[in-house]
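Anchor point for the sequence shown: position 149 equals 233 in this note's numbering, and the numbering is continuous, going up by one each time.
Where is the CB? At the ideal position from N, CA and C, for every residue including glycine.
Here the structure comes first, spelled out in structure tokens, and everything after it is commentary.
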Amino acid sequence: MKSLITKITIYETKIKEIFFSNKFYIFFFLAIFFSTSILKLYNIHIQGFGDSDIFAHHEFLLRYFSEYKLEGTMGSMWGRPSRTFLQFLISYFFGFTTLVYNLSAVISGILLTLIIFLFCKKYFNKLTAFYVLIFCSFSFSFFYWSRIAKFIIPSIIILILSISVAFKIIKNYENKNSFDLFILGLLLSLSVTFHPNTLPTVLSIGSFFFIKEASNFFRKKTFDFYSLSYIFFGFISVVFFYEIIFIYFKYSSNWLVYDNVSWIAEIFKHSSMIDKSRGGILYYSNIISQEGVFFSLLILIGSISLIKNFSNLNETHYFLIYVLVITFFLYLFSGVNPRLRNIFQLFIILIILSSYGISILSFRFKFLIINILFIFVIINFFVNHWNYLQNFKNIEIVNKNFGGIENIAMIKSNKTTYHFEKYYYNKFYSNWQDIWSGYFCDDVAFLSIPPGLNINKLGKEGLIFEKYYLPNDIKGKSNFKIINLNENIPFFKDFFQIRMIKKEKNFNEIKFSDLNFKNEKIFLIFEGNIISNKNDRNQISIDFFKDNELIYSEKIFPDNQVINNNVKKVYYDGNFFKKTFILANQKNLGKLTLKLSKKIGNSDEFDLKVVALKFINNISLDSCRKL
């Protein structure tokens with residue numbers, strides 16, 4: 085047994101020597117860093133706006149900046165001025181698109197990983213940096229926030245940079261540089277103005293230096309007001325800069341700023357200390373537990389190791405622990421709005437400290453055991469989260485498959501979603517009369533039920549629908565539902581009597597001389613999937629002729645983009661389409677001929693239905709195309 089332990093120890097020593105050689109260390113870093121960076125880019129081009137907050141800011145930049153107007157809910161986005169200006173500059177040069185927004189989030193996530201790695205390598209050790217790299221690269225929460233453009237990550241980037249400056253000050257506190265103090269205050273202010281979630285952490289960092297000077301007063305009877313003033317002036321300089329800009333907006337003749345819009349008030353509102361819905365320890369622990377058992381176990385091992393070696397830590401370590409503990413208790417007991425996104429900054433600090441705790445473990449075979457656990461962390465990430473990663477593409481995919489805003493409508497929600505739905509939809513219904521009017525007159529084939537809306541409130545049971553999960557920070561538990569109206573027609577006989585007169589498939593021309601009707605409304609419903617190549621598909625139009633003379637023509641697939649109220653909407657170029665016409669002049673049907681402008685391939689699937697309807701309930705037909 086003793087000889088076996090000796091052999092294992094020798095092998096472990098050799099592995100460590102190889103691992104810590106510069107070549108292998110760099111190789112492992114590059115392999116993990118670039119592979120996970122590519123993973124963050126997975127399907128980023130079809131992700132779309134997966135969150136109403138993200139779209140709200142997009143709408144704010146695109147519309148309100150162009151209209152020189154700040155009002156209501158949208159005006160609250162001004163409570164993140166640093167984010168606003170940075171995203172505006174990015175979008176101004178690269179476009180106000182979902183791809184640009186999502187790419188900016190991914191790039192910030194990749195950058196934060198690199199900054200944390202370099203920070204730990206400089207102020208802790210190489211092993212700490214490597215463990216932090218694995219934690220950050222294979223964390224579900226980190227991955228999520230690296231793809232969602234809420235600027236949670238950029239605010240933490242600035243926060244880590246401010247902690248780095250604080251480390252530099254603490255290490256040489258007796259001869260501290262006034263410029264470093266000013267930069268610290270400036271960075272703390274920038275962090276808050278990127279996202280208000282860092283305000284409690286900023287308060288903790290500021291209080292550390294105040295307490296440090298207070299302790300000097302009791303020991304040395306001296307209080308360095310100048311040092312604290314440099315931090316204060318650095319902080320206030322950013323606030324002063326944005327306040328000048330805001331005042332300019334408010335009193336400029338070109339801008340309309342409503343009285344209820346105040347960017348400073350919005351910062352404190354989003355970091356409110358009087359929120360009654362406090363989150364308990366179990367609630368905040370979800371951010372760790374959802375990472376999996378091996379991830380949580382390593383965090384626990386690192387924390388215990390840190391506590392055991394508490395007396396051997398230096399002042400910078402104590403500073404980081406102080407910031408972690410004080411900020412956590414601010415969230416726990418002060419009434420700060422309980423959101424996992426708010427405490428994510430502490431999650432980053434926790435994995436830094438835990439990584440350092442793991443790196444200084446003193447028990448035998450630590451290197452082998454710990455690295456096996458980290459391997460399980462990587463495996464767990466892919467096993468448990470791969471299906472979830474697919475959720476990032478759902479919004480764009482669903483709208484593309486179902487024809488986008490041309491063929492899909494949304495049920496009105498009583499709860500505001502910051503106009504999120506307006507990007508994807510331009511048709512909204514609140515009752516079944518409107519829904520069926522949309523079906524017969526506005527090309528609507530599908531109905532989207534947004535997250536949080538109980539489908540039973542629509543007043544019909546037994547509805548057939550598909551469920552699509554949205555990406556969020558609790559593993560995709562929110563969802564939206566898609567109702568195919570064609571599949572649900574039998575449930576709504578109380579609205580109309582329906583009679584199929586004619587149904588055709590795979591045609592290029594049809595005449596209407598053989599139609600039979602009995603004082604009913606006659607609808608021509610043309611729908612299906614065109615899967616021909618894109619160039620051919622975009623040339624297809626429906627052409628109506630009377631006595632061989634073209635009287636009406638309409639493209640099956642509309643233009644890709646339109647601008648409505650300065651907001652660009654994308655009509656997705658998916659295969660699905662739906663066009664509906666009401667045959668108003670039924671006396672002349674014998675002279676009417678329908679043709680397609682381009683031959684359809686044999687693999688295309690579509691239906692032409694001629695339907696006779698006798699409406700029992702009143703349904704508006706004002707928007708119907710009439711022939």
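- Separation of the CB atoms of residue 218 and residue 229 is rounded to 17 Å, and the pair is thereby denied contact status at 8 Å.
- Here the C-alpha atom of residue 257 lies approximately 31 Å from the C-alpha atom of residue 416.
- For residue 633, the pairing in a beta bridge is given by DSSP as 630.
- Scanning its chain for C-beta atoms nearer than 8 Å, with the 5 sequence neighbours on each side dropped, one finds around residue 425 the residues 229, 234, 236, 281, 557, in chain order.
- Rounded to the nearest angstrom, the Cβ distance from residue 273 to residue 319 is 4 Å, consistent with a contact under 8 Å.
- Judged by their CB atoms, residue 678 and residue 626 are nearer to each other than the 8 Å cut-off.
- Just measuring C-alpha positions, the residue of 412, 113, 204, 547 sitting nearest residue 287 is 412.
- Under the Cβ criterion (8 Å, minimum of three pairs), the region 371-381 does not count as touching the region 397-408.
- Scanning the region 356-401 from its first residue to its last, the whole alpha helix (DSSP H) runs of 4-plus residues come out as 365-373, 377-392.
- Secondary-structure assignment with DSSP links residue 581 through a beta bridge to 698.
- Residue state for residue 264 is assigned as helix, using DSSP reduced to three classes.
- Inter-segment contact for the region 431-445 and the region 385-398 is present: three or more beta-carbon pairs are separated by less than 8 Å.
- The region 690-707 makes contact with the region 511-522, as at least three CB pairs between them are under 8 Å.
- Bridge partners of residue 493 according to DSSP: 531.
- When DSSP states are grouped into helix, strand and coil, residue 181 belongs to the coil group.
- At a Cβ-Cβ threshold of 8 Å, residue 131 and residue 182 count as neighbours.
- CA-CA distance, residue 203 to residue 213, rounds to 8 Å.
- Taking the Cα positions, residue 111 is about 14 Å away from residue 211.
- In the structure shown, the three-state DSSP call for residue 281 is helix.
- Residue 710 holds the alpha-carbon nearest to the alpha-carbon of residue 667 among 293, 252, 710.
- Here residue 311 has 265 as same chain residues with Cβ atoms under 6 Å from its own Cβ, once five neighbours each way along the sequence are excluded.
- Burial is judged here by how many other beta carbons sit within 10 angstroms of a residue's own beta carbon; residue 486 has at least 16 and is buried.
- Residue burial is scored here from C-beta neighbours: residue 605 has at least 16 other C-beta atoms within 10 angstroms and is therefore classed as buried.
- Pairing residue 166 with residue 278, the inter-Cα distance amounts to about 5 Å.
- In the DSSP annotation of this structure, the continuous segment of the beta strand (DSSP E) that includes residue 552 starts and ends at 549-553.
- Among the bridge pairs identified by DSSP, residue 691 is matched with 589, 611.
- Secondary structure at residue 675: helix, using DSSP grouped into helix, strand and coil.
- With a threshold of 16 other beta carbon atoms within 10 Å, residue 574 falls short and is exposed.
- Here the alpha carbons of residue 285 and residue 163 stand approximately 17 Å from one another.
- From the listed residues 145, 611, 293, the smallest Cα separation to residue 253 is found for 293.
- With contacts defined by Cβ atoms closer than 8 Å, residue 698 and residue 581 form a contacting pair.
- Rounded to whole angstroms, the separation of the alpha carbons of residue 133 and residue 577 is 37 Å.
- With fewer than 16 other CB atoms across the displayed protein chains lying within 10 angstroms of its CB, residue 551 is exposed.
- Beta-bridge partners assigned by DSSP to residue 513: 495.
- Distance from the CA atom of residue 566 to the CA atom of residue 398, rounded to whole angstroms, is 57 Å.
- Where residue 427 is concerned, there is no enclosing alpha helix (DSSP H), because DSSP gives it neither an H nor an E.
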